[in-house]
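Numbering (our numbering), first residue to last: 343 to 807.
Cβ atoms here follow ideal geometry from the backbone N, Cα and C, with glycine treated the same way.
Being a predicted model, the structure only gives us computed values, none of them experimental.
Beneath this line is the structure, given in structure tokens, with notes to follow.
If you want it as structure tokens, here you go:
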């Protein structure tokens, strides 16, 4: 079997294509209230026997079978894609994956001078869509080739995908475009991506939160946004793993959690949860204590910034850099992002994230750093322990020597304080704490506000150590 890629015949991995398009993989619409959101993968989609279900948090440069997952995040305007991409990127890097975020081709072109106003004929508009599709595929194919070269477990997060363009032109024109390029729609849709996540626009079900302010190329009204959302949904509907994430009563945070949980299940990570215990450690020195499992190490810098009051309910914002470090202490890569915390009109806490460039990050630090707060610098060590995520925050400044353990709770519904149903914190029965860290247990600070990152950054607050 062969297909054309950029006009050139190229071999197709036939078995992979067949597996991806086997019947029986039903299109699923996920509601935030749907208990089947995390369901077992069909047998036909189980990992290859030589591929571990859960990639170890370690270098596997000598492994030719390192998995590369490709996921599309799509949806109508103001759906939360930017926040989801940023949150997934941080989450997956912390669990040992290389993460590539593939930019949206349309935004790339429009942000660099392209304009629909220059396209005055149907032929010009069709040629633009053709170039747009080739640009999207060019970005994806180059990042995929890079992932195969580095031979490490990798997740590609695509900001929209190849089928998105079909929602913006008539069906006949789309088929004409495919014929010109020599593409088959089924392969273009089904064979390139492991799964497609459609985040429903706020214009459907969360109208109060719909805005055009956070995207310079977004112009759609509520009605136009809703129409585009439905057309995009239809364009991907036949993909064997098409997940639609609605705006339900759980709010924006539950919508983001749904995306993270579903991708975790697809790549073999343990179930995720926002329920973490926060534990103060005393006397822990990473140079003297051997961590008996594979781990990832990062150096983090967090800078709280002053924000213009465009939103009455805005609380605070910060930017951060995150440098991955190898076993020798050499920097392997750096990512930047901005987080904005808001409280909506219904008292709903909303955490918005977006990925920054190096230039954007350093400009924010130079121009908008909050003078009342410290710049926080930490070493973070992440690992899996008994199928849960654990992370050590080791403060460098301020509060040097402060070490906090974040441990995913085995049973998120149980009490964290002393009770007849709860083991003694730090004891051998306290399964939330890895046994090699129990000698350093000081106390549980899960409910202590003075140990929040926000409080620890304030210059006038006393040192908690």
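DSSP lists 643, 678 as the beta-bridge partner residues of residue 663. Taking 8 Å as the upper bound for CB-CB distance, residue 567 and residue 545 are in contact here, some 4 Å apart. A residue is called buried once 16 or more other Cβ atoms fall within 10 Å of its Cβ, and residue 517, having fewer, is exposed.
The beta-bridge partner set that DSSP reports for residue 411 consists of 497.
Just so you know, the alpha carbons of residue 415 and residue 705 end up roughly 28 Å apart.
Here the alpha carbon of residue 785 sits roughly 12 Å from the alpha carbon of residue 793. Of the residues assessed, residue 634 falls on the exposed side of the cut-off, its CB having fewer than 16 other CB atoms within 10 angstroms.
Secondary structure of residue 426 (DSSP, three-state): helix. A straight-line Cα-Cα distance of about 14 Å links residue 527 and residue 476. At the C-beta level, residue 717 and residue 644 come within 9 Å of one another. A buried status is given to residue 438, since no fewer than 16 other beta-carbon atoms sit within 10 Å of its beta-carbon. Here DSSP, grouped into helix, strand and coil, assigns residue 673 to strand. For residue 571, the enclosing alpha helix (DSSP H) has its first and last residue at 564-578.
For residue 721, the uninterrupted beta strand (DSSP E) segment begins and ends at 718-727. Looking only at 711, 709, 744, the smallest Cα-Cα distance to residue 720 is reached by 744.
Nearest in C-alpha terms to residue 419, of all of 677, 563, 482, 782, is 563. Taken in chain order, the complete alpha helix (DSSP H) segments of 4 residues or longer contained in the region 451-533 are 464-492, 513-523, 527-532. For residue 706, the enclosing alpha helix (DSSP H) has its first and last residue at 700-710.
In this structure, residue 479 sits near residue 504, with a CB-CB distance shorter than 9 Å.
If you look at residue 537, you'll find it in the beta strand (DSSP E) that goes 537-541. For residue 608, the enclosing alpha helix (DSSP H) begins and ends at 593-608.
Residue pairing by DSSP leaves residue 790 without any beta bridge partner. In this structure, DSSP gives residue 749 an extended state, which the three-state scheme calls strand.
Judged by DSSP in its simplified three-state form, residue 435 adopts helix.
With distances taken between CA atoms, residue 530 lies nearest to 482 out of 482, 427, 552, 589.
When secondary structure is reduced to three states using DSSP, residue 552 falls in the coil class, being assigned neither helix nor strand. In the three-state reduction of the DSSP assignment, residue 778 falls in the helix class. Residue 539 sits close to residue 417, with the two beta carbons spaced by under 9 Å. Burial is judged here by how many other beta carbons sit within 10 angstroms of a residue's own beta carbon; residue 463 has fewer than 16 and is exposed.
Boundaries for residue 611: no beta strand (DSSP E) harbours it, and the DSSP string shows neither H nor E there. For the pair residue 800 and residue 623, the CB atoms are not nearer than the 9 Å cut-off.
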